[in-house]
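Here's the structure we're looking at; comments come further down.
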Amino acid sequence: MQKHVHRIYAVVLAAFVICGMPAAADSNLSKKRVELPYVPDAAAAERDYHSLLDEIEHLNAEEKASDCRSERFKQARESGTPWNFCRFFASFPPANQAATDENIKAIYGWAPVEAATDAAQQVERWQIQAANGTPYDCDGAVCSVIAKALPRGNGEDVLASCKVITGADGAAIGAPWHCMPVAILAGKSIWTKIVAGYTEIRNRTLGMPDFDLAVISRHSMPDVFSFLAGAETALSSPPLALSPKLERKGSEAATLFGTSQYAPSQVLEAYRPRLREMATVRIEAFGEKQNGLMLIKLSVSTTLLVNTLASTNPDDWHRPNPSQEGDYVKAVLASLRKYLEQSCRQSLWRTSNVITCELSKDAQLPDWALQ
Amino acid sequence: MVADDARKWLLTASLAMTAGVFLFFLVAPAAGYPLTFAQARGFLEIIVPVFLGYLGSGSHFIFSNRSRRPSPKLDASGELVALMIRGPVIVFAVISIGAIAVFGFSNRIQAPIGSGMSIDMLAGFLSAALGLLAVTTNVAISYLFATGDKSAKARA
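Here the protein sequences line up with chains A and B, keeping their order. Residue 348 in the working numbering sits at position 338 of the first sequence, and the numbers go up by one each step. Residue 112 in the working numbering sits at position 125 of the second sequence, and the numbers go up by one each step.
Encoded structure:
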């Protein structure tokens, strides 16, 4: 009799273990790990910090005066006077406190939490945010999220700050992008990314998009949003089949997001084994009117994660190989080109990425429009 | 079952398993089975060494003088010996085929997301099946293919 009872217990226990396994997967990507192209470790952070201290020690008197916290630099930044470069001296501001001014580029470094302002408490907050995966610091639908980074080496945990788009319920959807490591937890030794200095940006760019497209039309033609409607159709139609979301930024600028979550990839269907995708395509669009012409510039960037398994475990979602990534970007370009052509009655590709709309073939275009 | 029959059965099964496992993990990634070549190689590295070990023991036995001597009859009953020789290999094959089939089915492209068996879980099932071989067939192999080298050396 006792044997039978033990057998029943064993069967029930095995059923619990087997049934519990799929339930253990968590669909919240931000709670787990994101793959980074380069994951720093504590040893590299330590070398970086000593190199920074060594550099500061050997500065001349003029260079030592180039403190970003000094009144001279604050006034120069506010008044628009050229200031080129400034640096911070201990204690360093943490990376998340970097200036968001679009004319400034931050130079980052690593330092132990003790050498950075309020960094110990900040890292503790990040650990909690990485554990619960809640998006924060939202600007419209785009939020920040803290996630643990892959690959994990030497028993160290690296926390990364990423951007992510959120749905109506506030939960993250699509693939996170702009992931930047912000802290390294190596036992008792905790390192945080700091701002070592700032440089001034004279010619602002839109970052590093996968490709740019430009639409040139007559001044009287429809605005940015009409063309983005075509781009929206391109993103939501096969083979991309993304869910579009438009974020307006004034009357002549907008960002269009296309996301897919765990969908079998139609673009990469030739690859074996078949891939599921988690993608975010971002199209930054802005319009400009000059000399009777309207220029609409679309800067397109793509973040793609793929998985061969039907799992939501973030450890299984990895970056595609270069060939898969190239095919996906090509598919985005082809779809956008097709739907931009359809947005005009009469269109002509002047270069591989510049299309004219309702303009005659012979119309002369100014240099600014073709750049 | 005499010892010679047992040896022959084990060697045939090991050859069949080696060929089947090699062929499956070589072809599966290219045929759309949800494993990459790197993952398939990992599974080959888990399973194949066990059967290669059996084949190695068999080769050593066959090409040593020991195999020319008449085969002794095994003391246990024929049915028990046959069960212990064939049973674990057949159970291993059933568990492995089952786990591989479930892994492929649960991770097919139409499968609902979150329902797929993980790579670690498949590796766990295959390792458990290999554990069965380790406690049964390994023992049988060590008796059936013993060449007597060690005892001969000890006597010398």
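Even glycine gets a Cβ: it sits at the ideal position worked out from N, Cα and C.
Got a sec: is the Cβ-Cβ distance from residue i to anything in chain B below 8 Å?
i, result
"Met31/A", "Caution applies to Met31/A, whose pLDDT of 43 falls short of 50 and renders its modelled position unreliable; the model cannot decide the point."
"Lys41/A", "Here Lys41/A scores only 49 on pLDDT, less than 50, and its place in the model should not be relied on; the value that follows carries that caveat. No, because no Cβ of chain B sits closer than 8 Å to the Cβ of Lys41/A."
Would you mind telling me which residues of chain A sit closer than 8 Å to residue i, beta carbon to beta carbon, in chain order?
i, result
"Leu22/B", "Pro283 and Thr318"
Compute the distance between the beta-carbons of residue i and residue j, then report whether it is under 8 Å.
i, j, result
"Pro99/B", "Thr318/A", "no"
"Ser311/A", "Ser247/A", "no"
"Ala182/A", "Pro145/A", "yes"
"Ile293/A", "Leu266/A", "yes"
"Leu285/A", "Val316/A", "yes"
"Ala(-10)/B", "Leu131/B", "yes"
"Gly85/B", "Ser93/B", "no"
"Gly240/A", "Leu350/A", "yes"
"Gly43/B", "Arg(-6)/B", "no"
"Glu335/A", "Cys354/A", "no"
"Ser114/B", "Ile33/B", "yes"
"Leu305/A", "Ala224/A", "yes"
"Gly5/B", "Pro16/B", "First, the residue type needs correcting, since residue 5/B is Thr and not Gly in the sequence shown. Result no, Cβ atoms of Thr5/B and Pro16/B do not sit closer than 8 Å."
Since residue i and residue j are thought to touch, with beta carbons under 8 Å apart, how far apart are those beta carbons, to the nearest angstrom?
i, j, result
"Ile226/A", "Ala121/A", "About 48 Å; that fails the 8 Å criterion."
"Val192/A", "Ala55/A", "Not quite, the Cβ-Cβ distance comes to about 11 Å (not below 8 Å), so this is no contact."
"Ala295/A", "Leu238/A", "6 Å"
"Ile194/A", "Ala52/A", "5 Å"
"Ser105/B", "Ser321/A", "6 Å"
"Glu45/A", "Leu160/A", "4 Å"
"Val155/A", "Ile175/A", "With a Cβ gap of about 10 Å, Val155/A and Ile175/A do not count as contacting."
"Ile117/A", "Thr202/A", "The pair is not a contact, with the Cβ atoms about 15 Å apart (cut-off 8 Å)."
"Cys172/A", "Cys148/A", "About 13 Å; that fails the 8 Å criterion."
Can you pull the chain B residues whose beta carbon is under 9 Å from the beta carbon of residue i, in chain order?
i, result
"Thr290/A", "The premise fails here: Thr290/A is roughly 17 Å from chain B at the closest Cβ pair, so nothing lies under 9 Å."
In chain B, what lies closer than 8 Å to residue i by C-beta?
i, result
"Pro274/A", "Ile96 and Gln97"
"Thr322/A", "Ile100 and Gly101"
"Arg286/A", "Ile96 and Ile100"
When the cut-off is 8 Å and only beta carbons count, does residue i lie next to chain A?
i, result
"Ala17/B", "yes"
"Ser83/B", "no"
"Ser93/B", "yes"
"Ser105/B", "yes"
"Thr(-1)/B", "no"
Query raised in the report: Which parts of the stretch 273 to 308 of chain A are runs of the beta strand (DSSP E), unbroken and 3 residues or longer, counting only runs that do not cross its ends?
Result: Unbroken beta strand (DSSP E) runs of no fewer than 3 residues, entirely contained in the stretch 273 to 308 of chain A, are found at 286 to 300, following chain order.
Requested in this report: Starting from the N-terminal side, write out each stretch of the alpha helix (DSSP H) that is 4 residues or longer and does not extend beyond the stretch 49 to 77 of chain A.
Outcome: Qualifying alpha helix (DSSP H) stretches, in chain order: 52 to 67 and 71 to 74.
Query - 4 or more residues per run - each alpha helix (DSSP H) lying fully within the stretch 111 to 198 of chain A - result: For the stretch 111 to 198 of chain A, whole alpha helix (DSSP H) runs of length 4 or above, ordered along the chain, are 129 to 142.
Report task. Could you pull out every unbroken alpha helix (DSSP H) segment of at least 4 residues lying fully inside the stretch 77 to 114 of chain B, listed in chain order? Result -> Runs found: none.
Query raised in the report: Whole beta strand (DSSP E) runs in the stretch 220 to 262 of chain A with 3 or more residues, listed along the chain?
Result: Runs of the beta strand (DSSP E) spanning 3 or more residues and lying entirely within the stretch 220 to 262 of chain A occur at 221 to 228 and 253 to 258, in chain order.
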